[in-house]
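Participant: Below you'll find the structure I mean.
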Amino acid sequence: MKDIKIQVNDLSLYYGEKKALKEISMQVPANKVTALIGPSGCGKSTFLRCINRMNDLIPSVSITGQMLVEGVDIYDKNVDVVNIRKKIGMVFQKSNPFPKSIYENVIYGSRINGITDKRELDEIVETSLRQAAIWDELKDRLGDSALGLSGGQQQRLCIARTLAVNPDIILMDEPASALDPISTSKIEELVHELKEKYTILIVTHNMQQAARVSDHTAFFYMGELIEMGKTDAIFTKPAKKQTEDYITGRFG
Amino acid sequence: METTTTEMNSSLLSTQNKSSDLKGKLIVGATQLAVYTIIAVLFVILGIIIYEGREKFSWEFISSFPTNGMTEGGIFPALIGTFIMVIVMSLAAVPFGTITAIYLTEYASESSKFAAAVRFSVRTLAVVPSIIFGLFGLGFFIQFVGTGFDTAFNGGELRWGQPNILWASLTMSFLTLPVIIVSVEEALKTIPRELREASLALGATKWQTIKNVVLPGSVSGIMTGTILAVSRGAGEVAPILFTGAAYYLATLPGSLSDQFMNLGYHIYIMATQSSDVEKTMPIQFATTLVLLILTLSLNVIAVVIRSRIRRKAK
Amino acid sequence: MSSPISSKQNFTKESLEKQFRLSEFLAEKIISSVAFLSIAIIFLIFIFVFKESLPIFSLGKESAKVEMQQSVSASGDQPESYGGVETEDLQPESYGGVETEDLQPESYGGVETEDLQPETYGGVEKEDLQPESYGGVEKEDLQPESYGGVEKEDLQPETYGDVQAEPLVENNDSAEDTAKEKKSNSIWDTLLTPDWVPVSENPRFGLLSLLIGTLKVTIISMLIAGPIAILAALYTSCFASKRTKEIIKPIIEMLAAFPSVVIGFFALMVMATFFQDIFGYDSRLNAFVGGVAMALAAIPIIYTISEDALSSIPKTYTEASLALGANKWQTAFYVVLPAATPGIFAALLLGVGRVFGETMIALMATGNAALMSANPFESVRTFAATIGAEMAETVFGETHYSVLFFIGSLLFIFSFGLNALAEFYVKGKLIKKFQGK
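These protein sequences, in sequence, are chains A, B and C. With numbering that gives the first Met the number 0 applied, the first sequence covers 0 to 251. With numbering that gives the first Met the number 0 applied, the second sequence covers 0 to 313. With numbering that gives the first Met the number 0 applied, the third sequence covers 0 to 436.
Structure below.
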């Protein structure tokens, strides 16, 4: 059981009366990349946001079922949502650096955790940026505003920022959807390297991307999890008709 | 919708003729006339005040004391008194207003009855006549807080239980509170949701997110609010009529428990109670010109900053 | 496949346990309580304005009691001592001309206010005098003074007679009660009379003429401001090009930045003469001048809110109309304007609120004479101006002081009500309109 990171049991999510996720049950393996695919509006992003409880921010949302991370139900009322988010990082669809310097962006999480030692912070910045494979590009301009970076650099900075908090799981919500092909391939490479240390879930509507970066793939449709399995298997011989239709491009 | 549109259809078809064109022209003309009337009146007022006030308007006028029973000289103490008042007022109103705006945008949930009550109160504050604030200042600050303080700590000696610059400023801060709240709220709303989410996803708490992301992003909004509040406070007279404004003082206020002279009040006094209205006319117009320059330029600055925030939000 | 990292347990119940964060807790509590303050302010304003007006509700009783006591101690001599040696010392000096109460309204009306005001505001002298004289005398003692003067009037002597009779039945409780009742009645009676003569031997606080004055000014200014502001808003939101709109809107809203004392000053110095030359009326400052000046203050409010209401009409409405072949003005007049009625109504209500409570313009441009007249070219005195002009001259605890606060309470309740009406009525209407009936 050690290599199962996240165990989801009958998770349903409601926006008010509307049921947006229907009894999702799945297992996410540790240190692998799991891709969530499906047509837009199928609930894959909503599901991703359940994992670090970002949906808590929407007042009308209610959730039933279990979300066990290493056996701990993160929706248990004794669980601290802030601590959850420190361990489960998130990279958003649209790169969202703070309007501060590159340096300040990376150490944001560390500052919040009360780290003030300059040398320690410098070290965090370097390791995180190196991990995000952007150190060489940015090392000479750490004091510049993060808003001056290109879209791809901004997105990798956001990844570095997430890594700096030293999470265990990284959630990526279509991280390359707004980027050019070169930046996209850099992000994909990065994802590939990061799975050594982190468990990664990535939402994408680009099936080639899912096939390239992921080990496992889950197909969502209309708020339901239709099928989940090894990426090769899903893409070569899907078990369900709907999956096959989607993958072969008949809809979505 | 269906029925109303068909009704409309037939009524419009029947009115498609020349008389309807004329009617349309008249209507559009009337609305246009209304706009130009307002703008014309505005510029006429401005023009006359500038024209009549230009003669006296000078650095000397601004920087010297009134002399000869306020029939000659400048308006220096009134200007300084107004400045001190708006500064004390801002010190009270800006933090208060900013925090209330933070509550409304960050903490209040949409369905919260309490938040609805706060919103209603803020809007009510904005429409309460300014003279009521004056009465409130007199009844609350002077008669209740000030007198209470004097009895408790000053051994009954009258010091705070009378009109002074502190009470006038605080009274004014209540009046300008809605101005600040509305501006700051608007600015807070322009902070993108993505930034808040980024901060929260990094494990920041709500307050940390507000402190590190939301507030720094709304500094210009807080500034706009402050400037608008100062512009408003500098021009209001009714709230300070009996909470601290003085007819004439030979010296500048030395402490918060002193009375003060005020530009707007000075205009009022000079125009209605001067011993020689005719003779002091140029002084009155020049004083009005100074006040108008002060409030209008502050307003223009605020409008410019605000439109920049709005453009950035788009 | 288990790597070294995942073998380490990262998520444990302990490490994820709910934490109590003091700063977080404090921040939320402080912020909510500061937000609560704005609700509290509304209550405080009402309480403290109303509190100061309370004495007029109990004044009748108190003065009756005091009289009882005094009449007990001084028995039969009472009425004479009322007529007040003190009063005679005091009144003639400080209030000089006021003795001739019957004349006052006329002199207000006829003489120019500038000439008058120094008298009214002779208050400066008065202020020096009053604290001494009043300070010594209790306010209950004052009451009888005014009472003494009432003799002239037709109705009052009866009451007076009662009081005189008191000493005879001094120990009779029922007599005391009736006396009280009569007394308090007389104070409330005076509030509903047209005579506003607060500073005299026989002060009367009739609010009727002030009410008429306020209404007159409000009606005049709304008749001017309402149509102009709404038409201008209609032009801005429906006919003006985007660029024109971006110029017009800030300019008109700039009018809101004109302090009311500046508008009042302009009305007093320029408009009053200008209109007098045109219409040739007698009193230079009057309801009409004040009304026009207040319209200038109300226009930006009505304009801004109406414009918002007109602009917030969904595009689909106008597009549907235009698609049916209606032209711009037809769309504006038959579709947009009706749909925005609740918002425009709210704008008008808030405009009324602004004018009703406007002080500086009223003080400077209306002439400040409490007359009962329907003529728009006569001087008037509004509620707000009365407070503004007279508060500084009253003495804490005096009837006059309390009555002014009472007027303040009325103004507050009125503006509060208007705002509540605007808010709830409009919200209700809009919800009905856009979410189906």
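For glycine and all other residues, C-beta sits at the position ideal for the given N, C-alpha and C. Given the structure is predicted, the values throughout are model-derived calculations rather than measurements.
1) Start and end of the beta strand (DSSP E) containing Pro-28/A?
2) Met-390/C touches chain B at which residues, Cβ-Cβ below 8 Å?
3) Please report how far the alpha carbon of Leu-297/B lies from the alpha carbon of Arg-231/B, in whole angstroms.
4) To the nearest angstrom, how far is it from the Cα of Ile-133/A to the Cα of Ala-419/C?
5) Tell me the DSSP secondary structure of Trp-195/C in three-state form.
6) Look up Asn-95/A in the DSSP assignment and say whether it is helix, strand or coil.
7) Report the option in Phe-42/C, Thr-365/C, Ser-14/C, Ala-26/C whose CA atom is closest to the CA atom of Ile-412/C.
8) For the alpha helix (DSSP H) containing Asn-82/A, name the first residue and the last one.
9) Around the C-beta of Ala-224/C, are 16 or more other C-beta atoms found within 10 angstroms, so that it is buried, or is it exposed?
10) Contact criterion: CB-CB distance below 9 Å. Does Trp-328/C meet it with respect to chain B?
11) Express the C-alpha separation of Thr-223/B and Thr-243/C in angstroms, rounding to a whole number.
12) Just reading off the alpha helix (DSSP H) that His-191/A is part of, what are its end residues?
13) Please report how far the alpha carbon of Gly-70/A lies from the alpha carbon of Leu-12/A, in whole angstroms.
14) Whole angstroms is fine: what's the gap from Lys-240/A's alpha carbon to Phe-218/A's?
15) Report the residues of the region 406-425 of chain C with a CB closer than 8 Å to any CB of chain B, ordered along the chain.
16) Counting only beta-carbon separations shorter than 9 Å, does Lys-85/A have a partner in chain B?
17) Which residue comes first and which comes last in the beta strand (DSSP E) that contains Gly-228/A?
18) Is there at least one Cβ from chain F nearer than 9 Å to Val-190/A's Cβ?
19) Taking the alpha-carbon positions, what's the Glu-137/C to Pro-238/B distance?
20) Taking the alpha carbon of Ala-228/B as the reference point, which residue from Ala-39/B, Met-88/B, Phe-56/B has its own alpha carbon closest?
21) Of all Cβ atoms in chain B, is any one closer than 9 Å to the Cβ of Pro-226/C?
22) Please state the DSSP three-state secondary structure of Tyr-245/A.
23) Taking Cβ positions, are Ile-190/B and Ile-304/B nearer each other than 9 Å?
24) Which residues does DSSP pair with Tyr-13/A in a beta bridge?
25) Taking a contact to mean a Cβ-Cβ separation below 9 Å, would you say Ile-67/A touches Tyr-102/A in this structure?
26) With a cut-off of 9 Å, does the C-beta of Gly-289/C fall near any C-beta of chain B?
27) Could you give the residue range of the alpha helix (DSSP H) that holds His-265/B?
28) Of all the CB atoms in chain A, is at least one closer than 9 Å to the CB of Glu-16/C?
29) How is Ile-133/A classed by DSSP in three states: helix, strand or coil?
30) Quick one: list the residues of chain A neighbouring Leu-204/B, beta-carbon separation under 7 Å, in chain order.
31) Give, in chain order, every unbroken run of the alpha helix (DSSP H) that is at least 4 residues long and sits entirely within the region 276-347 of chain C.
32) Between the Cα of Leu-267/C and the Cα atoms of Met-359/C, Lys-248/C, Ala-255/C, Thr-398/C, which residue gives the shortest distance?
33) List the residues that DSSP assigns as beta-bridge partners of Tyr-220/A.
34) What does Leu-199/B touch in chain A if you count any residue whose Cβ is under 8 Å from its own?
35) Between which two residues does the beta strand (DSSP E) holding Leu-35/A run?
36) Check whether the Cβ atoms of Asn-211/B and Ser-198/B sit closer than 9 Å, and answer yes or no.
Facilitator: In short, the structure shows the following:
1) 17-28
2) Gly-133, Leu-134, Leu-137, Leu-240, Phe-241
3) 9 Å
4) 58 Å
5) Residue state for Trp-195/C is assigned as strand, using DSSP reduced to three classes.
6) coil
7) Phe-42/C
8) Counting along the chain, the alpha helix (DSSP H) containing Asn-82/A begins and ends at 80-86.
9) buried
10) yes
11) 24 Å
12) 180-193
13) The straight-line gap from Cα to Cα measures roughly 20 Å.
14) 12 Å
15) Gly-407, Leu-410, Phe-411, Ser-414, Phe-415, Leu-417, Asn-418, Ala-419, Glu-422
16) yes
17) 223-229
18) The displayed structure is made up of protein chains A, B and C, and chain F is not among them.
19) Confidence in Glu-137/C is poor, its pLDDT being 37 and thus under 50, which makes the residue's placement too unreliable to answer from.
20) Met-88/B
21) yes
22) helix
23) No Cβ-Cβ contact shorter than 9 Å links Ile-190/B with Ile-304/B.
24) Lys-18/A, Ser-61/A
25) Rather than Ile, the amino acid found at residue 67/A in this sequence is Leu. Not closer than 9 Å, so no.
26) no
27) 262-272
28) yes
29) For Ile-133/A, the secondary structure class from DSSP, reduced to helix, strand or coil, is coil.
30) Inspection of the sequence shows that residue 204/B is occupied by Thr rather than by Leu. Under the 7 Å cutoff, chain A gives Val-81.
31) 286-310, 314-322
32) Among Met-359/C, Lys-248/C, Ala-255/C, Thr-398/C, the Cα nearest to that of Leu-267/C is on Met-359/C.
33) Glu-223/A
34) Met-53, Leu-56, Arg-84
35) First-last of the beta strand (DSSP E) with Leu-35/A: 32-36.
36) For Asn-211/B and Ser-198/B, yes; Cβs fall inside 9 Å.
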